Each structure stands twice: as structure tokens, then as C-alpha cells.
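The sequence shown runs 428 to 704 under full-length UniProt numbering.
For reference, the structure is listed below as C-alpha cells.
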Amino acid sequence: VKSHGKNGYEFFDPTMEAKSLERILMENELRKAIEQEHFQIYYQPKIDIVTGKLTGMEALVRWVHPELGVISPIRFIPIAEETGMIISLGEWILRQACRQNKLWHDQGFPLKVSVNLSARQIYQKDLVDMIKNVLEETGLPPEWLELEITESIFVKLEEATAILQQIRDIGIRISIDDFGTGYSSFSYIKSLPVDTIKIDASFIRDIHHNQESQAIVKAIVTIAQSLNMNVIAEGIELDDQVAALQENGCDLGQGYLFSRPLATDDFDRYLRKDLAQ
Ligand code: C2E
Ligand code: CA
Ligand code: CA
Ligand code: CA
Numbered sequence: 428v429k430s431h432g433k434n435g436y437e438f439f440d441p442t443m444e445a446k447s448l449e450r451i452l453m454e455n456e457l458r459k460a461i462e463q464e465h466f467q468i469y470y471q472p473k474i475d476i477v478t479g480k481l482t483g484m485e486a487l488v489r490w491v492h493p494e495l496g497v498i499s500p501i502r503f504i505p506i507a508e509e510t511g512m513i514i515s516l517g518e519w520i521l522r523q524a525c526r527q528n529k530l531w532h533d534q535g536f537p538l539k540v541s542v543n544l545s546a547r548q549i550y551q552k553d554l555v556d557m558i559k560n561v562l563e564e565t566g567l568p569p570e571w572l573e574l575e576i577t578e579s580i581f582v583k584l585e586e587a588t589a590i591l592q593q594i595r596d597i598g599i600r601i602s603i604d605d606f607g608t609g610y611s612s613f614s615y616i617k618s619l620p621v622d623t624i625k626i627d628a629s630f631i632r633d634i635h636h637n638q639e640s641q642a643i644v645k646a647i648v649t650i651a652q653s654l655n656m657n658v659i660a661e662g663i664e665l666d667d668q669v670a671a672l673q674e675n676g677c678d679l680g681q682g683y684l685f686s687r688p689l690a691t692d693d694f695d696r697y698l699r700k701d702l703a704q
């Protein structure tokens with residue numbers, strides 16, 4: 428037991444030490460992985476749930492570790508954010524997704540790719556220039572790119588709005604991810620420079636048998652329509668959820684019911700099958 432000031436003691440906690448060691452190892456591994464590009468982008472289809480047509484896809488990163496195998500972004504994105512490594516990793520992800528979408532475009536698939544942007548990236552100094560460079564380098568027209576951001580960035584409302592406005596001026600679309608889970612969404616939504624609202628999966632999970640979730644979805648759809656925004660539901664796993672979404676006016680969706688996120692080759696095959704239908 429170590430004395431800590433006059434009113435307390437700090438105890439040595441072996442699990443804390445073990446955790447921080449694991450954390451240090453993880454950070455080192457992540458740094459190496461970024462240098463060696465040990466990542467893959469998976470693509471999850473976004474579907475028009477009325478016609479069943481594919482409208483675009485979300486890019487979702489996976490870390491493919493040579494010994495540990497595939498590591499979920501839920502495990503490493505928070506570390507990349509805290510350490511700042513998300514800046515270089517995020518640029519790599521964006522370039523990869525734009526380059527691949529340009530290829531699909533050239534092959535006759537006019538799809539919009541959505542790339543997740545973490546709060547940390549929004550506030551990086553040269554974000555807008557970085558994005559412009561990536562578009563120029565890959566040749567992807569800006570209209571075929573969408574960036575998914577979360578409500579958390581609007582804690583600094585004016586700063587965030589100004590940055591998003593610059594991004595939209597390029598011609599890139601903006602979507603608010605996980606909508607409904609942040610603070611006071613409805614009070615400021617009308618002044619935000621966004622094109623699409625993505626309703627959080629937590630409202631979709633029980634929409635087919637929960638009146639409250641239905642009411643929330645209906646309210647979000649109504650607001651989106653009156654503000655001329657698109658609305659998409661995520662986490663759709665059941666036909667009953669699709670029916671409930673249609674009843675409440677939500678026309679776009681994403682989820683395991685349609686497809687899990689697919690590796691590039693698998694998404695490529697999916698595209699060609701979709702076209703053949
Ligand atoms: P998110 O942006 O909300 O992405 C949706 C997550 O839900 C993805 O998990 C997706 O695979 C999963 N999902 C899709 N459909 C269903 C479904 O029907 N049921 C269920 N249970 N889950 C579904 P994933 O790929 O593990 O990504 C988790 C989170 O990691 C993402 O949440 C996002 O916050 C972050 N992330 C992933 N890729 C990137 C990236 O490239 N950049 C950044 N900054 N964050 C990323
Ligand atoms: Ca997302
Ligand atoms: Ca989401
Ligand atoms: Ca999320």
C-alpha cells in the first residue's frame with residue numbers, strides 16, 4: 428500500500444498492470460499494422476427496402492493480424508482514436524475505399540461508398556485538404572462518397588458545422604450515424620449540414636414489437652422528410668423489421684438480413700449477381 432496524500436491510499440492492482448501491459452503491446456502491434464497495411468476493408472450493402480435494389484455500401488475496416496487473425500474495429504478503433512493513430516489509419520481507409528469504388532464505377536456500378544470518420548479526424552488540421560487529395564489521387568467523383576459522422580462531434584457545434592460545410596462544398600455527402608443515441612438531437616438537427624440520418628440499430632432491434640421504437644422511428648422519418656434529408660435504418664435482421672420500417676416511411680436499410688459486411692472479392696461477386704437479377 429502506497430501513501431497517497433493525507434486522505435487516501437492507492438492500492439497496487441495486478442489486473443490494472445496486466446491491462447496496461449496488454450494495452451502497450453496492442454498499441455505497438457497497431458502501429459506496426461498501420462506501417463505494414465495489415466487491414467482490409469469490408470463492404471456492407473445499403474438497400475432500397477421497397478425495390479430491393481442496392482444503392483451503396485458502407486466501408487468497415489478489419490485488422491488482419493498475421494498471428495491473431497481478424498480483429499474487430501470495436502477493439503482497435505478506440506485505441507487508434509486515443510493514440511492519434513486514427514489520423515493515418517483513417518486516411519488509408521478513405522484512400523482504399525475511394526480507389527475501390529472508382530474501380531467499380533469504371534466497371535459500370537454507380538454506387539456511393541460511405542466511410543466512417545471518427546471525431547478525432549473531424550478536428551485534424553488538414554482534413555479537408557487530405558480528402559481533396561485522396562479524391563484527386565483516386566479519381567473518384569465527390570458525389571460518390573459519403574462520410575458517416577456521429578452526433579458527438581456537435582459538442583463543438585460551430586466548429587463541426589464549419590468543417591462539415593467545407594466538406595459538403597466539395598460535393599461529398601454527410602450522414603449522421605447512430606442517430607438518436609446522442610444528446611438533444613432534435614433541437615439542433617435543422618441547422619446541421621447533413622444529407623442523411625442513419626437511425627441507430629437500437630431502435631430497429633425491437634421495432635416490430637415495440638410501440639415506442641416505432642414512434643421514435645416515425646418521428647425521425649418525419650423530421651428527415653421535412654428537412655429534405657434521407658433516412659436509413661441500420662441493423663436490420665428480420666423481415667418483420669423491414670415491414671415495420673416500410674409502414675413508418677423508412678425506405679433505406681442495411682443489415683445482416685440483406686448481407687453481412689463482405690470482403691472486397693465477395694462484394695464484387697455480390698455486385699455482379701445483383702446486376703444479373
Ligand atoms: P458502425 O459505424 O455503427 O457500423 C455498424 C456496425 O454494425 C458494423 O460493425 C456492422 O458490421 C454491424 N452490423 C451491420 N449489420 C448488422 C446487423 O444486422 N446486426 C448486427 N448485430 N450488427 C450489424 P463493425 O464492422 O464491427 O464496426 C463496429 C464499429 O467500428 C462501427 O460502428 C464504427 O463505429 C467502427 N468502425 C468500423 N470501421 C470503421 C472505419 O473504417 N473508421 C472508423 N473511424 N470507425 C470504424
Ligand atoms: Ca457507420
Ligand atoms: Ca451505426
Ligand atoms: Ca456505432
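C-beta atoms are modelled at their ideal positions from N, C-alpha and C, and glycine is treated no differently.
None of the values given here were measured: they were computed from a predicted structure.
Boundaries of the alpha helix (DSSP H) harbouring M557: 554–565, taken from the DSSP string. Remark: the shortest separation between the CB of D633 and any heavy atom of ligand 3 does not fall under 6 Å. Taking a C-beta distance under 7 Å as the contact criterion, Q471 and M484 qualify as a contact pair.
Here the stretch 586–605 makes no contact with the stretch 637–651; the two share fewer than three CB pairs at distances below 8 Å. Taking a C-beta distance under 7 Å as the contact criterion, D622 and T577 do not qualify as a contact pair.
Our two residues, I663 and D627, have alpha carbons roughly 10 Å apart in a direct line. Using a 10 angstroms sphere on the CB of S653, the tally of other CB atoms stays under 16, which defines it as exposed.
A Cβ closer than 7 Å to some heavy atom of ligand 3 marks a residue here, and those residues are D604, D605, K625, D627, A628, E661. Annotation: the stretch 445–529 contains the following complete segments of the alpha helix (DSSP H) (minimum length 4 residues), in chain order: 500–510. Segment contact: the stretch 492–512 against the stretch 564–576, fewer than three CB-CB distances shorter than 8 Å; contact not assigned. When secondary structure is reduced to three states using DSSP, R600 falls in the strand class. Using a cutoff of 6 Å, the CB of S499 counts as near ligand 1, since one of the ligand's heavy atoms is closer than that. S629 is bridged by DSSP to nothing; it lacks a bridge partner. The straight-line gap separating the alpha-carbon atoms of R458 and V542 is approximately 21 Å. DSSP places E575 within a strand segment (E or B) once states are collapsed to three.
Between V540 and the set D553, K700, L554, L481, the nearest pair of CA atoms involves L481. Secondary structure at E661: strand, using DSSP grouped into helix, strand and coil. In terms of Cα proximity to I631, the closest of V648, M656, A660, F613 is A660. Under a 10 Å Cβ-count criterion, S447 is classified as exposed, with fewer than 16 other Cβ atoms of the shown protein chains found around its own Cβ.
Straight-line spacing of the CA atoms in I474 and G680 works out to 5 Å.
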